[in-house]
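Number of protein chains: 2
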Amino acid sequence: MFAEPKKYNTATTADTQEHEADQAESLQRKFDQMRKFNDSIPLKLLKARETTMSFFRPILQEAGLTEQQWRVIRALNEYEELESKQLAELCCILSPSLTGIINRLESQGHLKRRKSTEDQRRVLISLTDQAKELFKELSPRLEGRYGDLTNQISKEKLQQLNELLSEIINLEP
Amino acid sequence: MFAEPKKYNTATTADTQEHEADQAESLQRKFDQMRKFNDSIPLKLLKARETTMSFFRPILQEAGLTEQQWRVIRALNEYEELESKQLAELCCILSPSLTGIINRLESQGHLKRRKSTEDQRRVLISLTDQAKELFKELSPRLEGRYGDLTNQISKEKLQQLNELLSEIINLEP
DNA sequence: AACAAATACTTAATATGTTAATGAGATTTT
DNA sequence: AAAATCTCATTAACATATTAAGTATTTGTT
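So the sequences go chain by chain: A and B. Counting in the numbering used here, the first sequence runs from -19 upward without gaps. Counting in the numbering used here, the second sequence runs from -19 upward without gaps.
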């Protein structure tokens, strides 16, 4: 990390007047109770994801693929053909982003799009043989790295983590 | 979610020839053992983060701030003055992105930048009074939402999650 | 002191994230 | 059936993510 900073802001400029000592003590107590910047679950989720992705980035970069592009290829390899909307939900990518990702993957010859015959609004997407080959090349290496990652954590903890994340994912604001 | 898709791709076009039944059985077994798309830790971390952020987005959007801008303000409120590099590491934002974020926050009057006197390369960043006021307005509402989030999970699970995430963050690829 | 190497930040180029608006096609309502 | 409504995908506009390259400043070497 980096050297610990020196000063704090207790954000209490509108406090009532007290004796200086009491005020300082009060502010100190308030500060200790305050949730610290690094105690944020969303931030820790972000950092944890960052660490995990660092295991795979080099391989994907070498293959000329982005994280998101690989996520799309991976999903299509499993589900054969998907609507754009399904793909977006599976991959956790918003529709406007997905449109661009699909365009680029299509122009690289990695996937095909066709319109649904029943509902002309829907777009059906599937991998080309070229992309299936690419998947077979990359998948073992990436699975190996996934193993390197998960082997550093006990099976129990890994399952705990999976369950806790599922619980969070299913919360509703 | 959405209706479960129908077909699967077992990605084994290069297999040796077998009796059809045996082959189908073999592929089925292989498929069952295969790690599924949704079993990915990085993806679940992404989705979990997405769920948690949905608690706060409306408030931030109403205030005209992005997630990243709020992260920067929050860090600066706690550490008073930080170098760009420290801010980047704390907030998990890469330097090139941070440059733009700082530019926009500065032009909105939310923060000040000055060059370090000892090391002219370093940029020191701090909040304006305006931003400190903004923080005091938003912070309670956001903390309230944070409470709504964490109250749906037991304290034990919450601590477990924090520990597991810390463990992951400290892994090295 | 002069030079190479390292550091902090910025710029550039491309891809994606995010919200709002649009357009085309299906559904519902009257 | 025509109008209003809804849905899916795309476009638009801006912010951020990512990698590479560039600039200025500092540090290390000789």
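All residues carry an ideal CB built from backbone N, CA and C; glycine is no exception.
- Task: Report the neighbours of residue 87(A) on chain B: residues whose CB is nearer than 7 angstroms to its CB, in chain order.
- Result: One-based indexing of the first sequence puts residue 87(A) at position 107. In chain order: nothing, as chain B lies at least about 22 angstroms away.
- Where does residue 25(B) sit, in a helix, a strand or coil, going by DSSP? Position 45 of the second sequence, counted from the first residue, corresponds to residue 25(B). Here residue 25(B) sits in helix by DSSP.
- Check whether the Cβ of residue 77(A) lies closer than 8 angstroms to any Cβ atom in chain B. Translated into positions along the first sequence, residue 77(A) becomes position 97. No, residue 77(A) does not count as interfacial toward chain B.
- Closest to residue 56(A) by CA distance: which of 127(A), 105(A), 149(A) is it? As a first step, residue 56(A) is located in the first sequence; it is residue number 76 there, counting from the start. Residue 56(A) has its Cα closest to that of 105(A), out of 127(A), 105(A), 149(A).
- Query: What residues from chain A crowd round residue 34(B), counting only those whose CB sits closer than 8 angstroms?
  - Reply: Within the second sequence, numbered from 1, the residue matching residue 34(B) stands at position 54. Per Cβ cutoff of 8 angstroms: 153.
- Message: Three or more C-beta pairs under 8 angstroms: does that hold for the stretch 74 to 93 of chain A against the stretch 131 to 148 of chain A?
- Response: no
- Enumerate in chain order the residues of its own chain whose CB-to-CB distance from residue 50(A) is below 7 angstroms, with the five nearest sequence positions on each side excluded. Numbered from 1 along the first sequence, position 70 holds the residue referred to as residue 50(A). Correct list, in chain order: 40.
- Nearest-angstrom beta carbon gap, residue 93(B) and residue 82(B) [assumed within contact, 8 angstroms]: To locate residue 82(B), count along the second sequence from 1; it is residue 102. To locate residue 93(B), count along the second sequence from 1; it is residue 113. That belief holds up - the Cβ atoms of residue 82(B) and residue 93(B) are roughly 7 angstroms apart, short of 8 angstroms.
- Can you have a look at residue 127(A) and say buried or exposed, based on whether 16 or more other CB atoms are within 10 angstroms of its CB? As a working note, residue 127(A) is residue 147 in the first sequence. Exposed, because fewer than 16 other Cβ atoms sit within 10 Å of the Cβ of residue 127(A).
- Could you give the distance in angstroms between the alpha-carbon of residue 96(A) and the alpha-carbon of residue 118(B)? Position 116 of the first sequence, counted from the first residue, corresponds to residue 96(A). Position 138 of the second sequence, counted from the first residue, corresponds to residue 118(B). Their Cα atoms are separated by approximately 46 angstroms.
- What residue range is occupied by the uninterrupted beta strand (DSSP E) comprising residue 105(A)? Sequence index remark: in the first sequence, residue 105(A) carries index 125 (1-based). Run containing residue 105(A): 103 to 107, per the beta strand (DSSP E) assignment.
- Item | C-alpha distance - residue 88(A) paired with residue 70(B), whole-angstrom precision | Looking up residue 88(A) in the first sequence gives position 108. Looking up residue 70(B) in the second sequence gives position 90. Looking at the two C-alpha atoms, the distance is approximately 37 angstroms.
- Could you give the C-beta distance for residue 21(B) and residue 31(A), rounded to a whole number, given that I count them as a contact under 8 angstroms? Translated into the one-based positions of the second sequence, residue 21(B) becomes position 41. Translated into the one-based positions of the first sequence, residue 31(A) becomes position 51. Not quite, the Cβ-Cβ distance comes to about 10 angstroms (not below 8 angstroms), so this is no contact.
- Task: Please classify residue 54(A): is it buried, with 16 or more other beta-carbons within 10 angstroms of its beta-carbon, or exposed?
- Result: Residue numbering aside, residue 54(A) sits at position 74 when the first sequence is read from its first letter. Buried: at least 16 other Cβ atoms inside 10 Å.
- Is the CB of residue 24(A) under 8 angstroms away from at least one CB in chain B? Numbered from its first residue, the first sequence carries residue 24(A) at position 44. Chain B, which has a Cβ nearer than 8 angstroms to the Cβ of residue 24(A), makes this yes.
- Task: Report the residues of the stretch 118 to 133 of chain B with a CB closer than 9 angstroms to any CB of chain A, ordered along the chain.
- Result: 119, 123, 125, 126, 128, 129, 130, 132, 133
- Message: Which complete alpha helix (DSSP H) runs does the stretch 14 to 96 of chain A hold, if anything under 4 residues is left out?
- Response: 21 to 33, 37 to 43, 47 to 59, 64 to 71, 75 to 87
- Query: At which residues does the alpha helix (DSSP H) containing residue 131(A) begin and terminate?
  - Reply: By one-based count along the first sequence, residue 131(A) stands at place 151. Neither: residue 131(A) is in no alpha helix (DSSP H) and is coded neither H nor E.
- Short check: CB of residue 29(A) to CB of residue 85(B), under 8 angstroms? Mapped onto the first sequence, residue 29(A) falls at position 49. Mapped onto the second sequence, residue 85(B) falls at position 105. Contact flag unset, no.
- Task: Return the Cβ separation of residue 140(A) and residue 140(B) in integer angstroms, given the expectation that the two are a contact with Cβ distance under 8 angstroms.
- Result: Counting from one through the first sequence, the residue named residue 140(A) turns up at place 160. Counting from one through the second sequence, the residue named residue 140(B) turns up at place 160. The Cβ separation is near 6 angstroms, so the contact holds.
- Query: Using a C-beta cutoff of 8 angstroms, does residue 147(B) count as contacting chain A?
  - Reply: To locate residue 147(B), count along the second sequence from 1; it is residue 167. For residue 147(B), the answer is yes, since a Cβ of chain A falls inside 8 angstroms of its Cβ.
- Message: Rounding to the nearest angstrom, what Cα-Cα distance links residue 73(B) and residue 64(B) in this structure?
- Response: Numbered from 1 along the second sequence, position 93 holds the residue referred to as residue 73(B). Numbered from 1 along the second sequence, position 84 holds the residue referred to as residue 64(B). One C-alpha to the other measures close to 10 angstroms.
- Interface residues of chain B around residue 142(A) at Cβ under 9 angstroms? To locate residue 142(A), count along the first sequence from 1; it is residue 162. What residue 142(A) touches in chain B: 19, 21, 24.
- Could you name the residues of the stretch 57 to 74 of chain A whose beta carbon sits closer than 9 angstroms to any beta carbon of chain B, in the order they occur along the chain? 57, 58, 59, 60, 61, 62, 63, 65, 66, 69, 70, 71, 72
- Message: If you reduce the DSSP assignment to three classes, tell me which class residue 98(A) lands in.
- Response: Taking the first residue of the first sequence as 1, we reach residue 98(A) at position 118. Residue state, collapsed to three classes: coil.
- Item | Proximity below 8 angstroms, CB of residue 153(A) to CB of residue 34(B) | Residue mapping note: residue 153(A) aligns to position 173 of the first sequence, counting from 1. Residue mapping note: residue 34(B) aligns to position 54 of the second sequence, counting from 1. Cβ distance < 8 angstroms, so residue 153(A) and residue 34(B) count as in contact.
- Going along chain B, which residues have a C-beta under 7 angstroms from residue 27(A)? By one-based count along the first sequence, residue 27(A) stands at place 47. Ordered by position in chain B, the residues that pass the 7 angstroms Cβ test against residue 27(A) are 72, 149.
- residue 16(A) CB to nearest chain B CB: under 8 angstroms? Mapped onto the first sequence, residue 16(A) falls at position 36. Judged by the 8 angstroms Cβ criterion, residue 16(A) is in contact with chain B.
- Query: Would you say residue 46(B) reaches chain A, if we count a Cβ-Cβ gap shorter than 8 angstroms as a contact?
  - Reply: If you number the second sequence from 1, residue 46(B) lands on position 66. No, because no Cβ of chain A sits closer than 8 angstroms to the Cβ of residue 46(B).
- Message: Using a 10 Å radius around the Cβ and a threshold of 16 neighbouring Cβ atoms, would you call residue 66(B) buried or exposed?
- Response: On the second sequence, residue 66(B) is found 86 positions in, with the first residue counted as 1. Burial call: buried.
- Assigned secondary structure, residue 150(A) (DSSP; H/G/I helix, E/B strand, else coil): Residue mapping note: residue 150(A) aligns to position 170 of the first sequence, counting from 1. DSSP places residue 150(A) in coil when its eight states are reduced to three.
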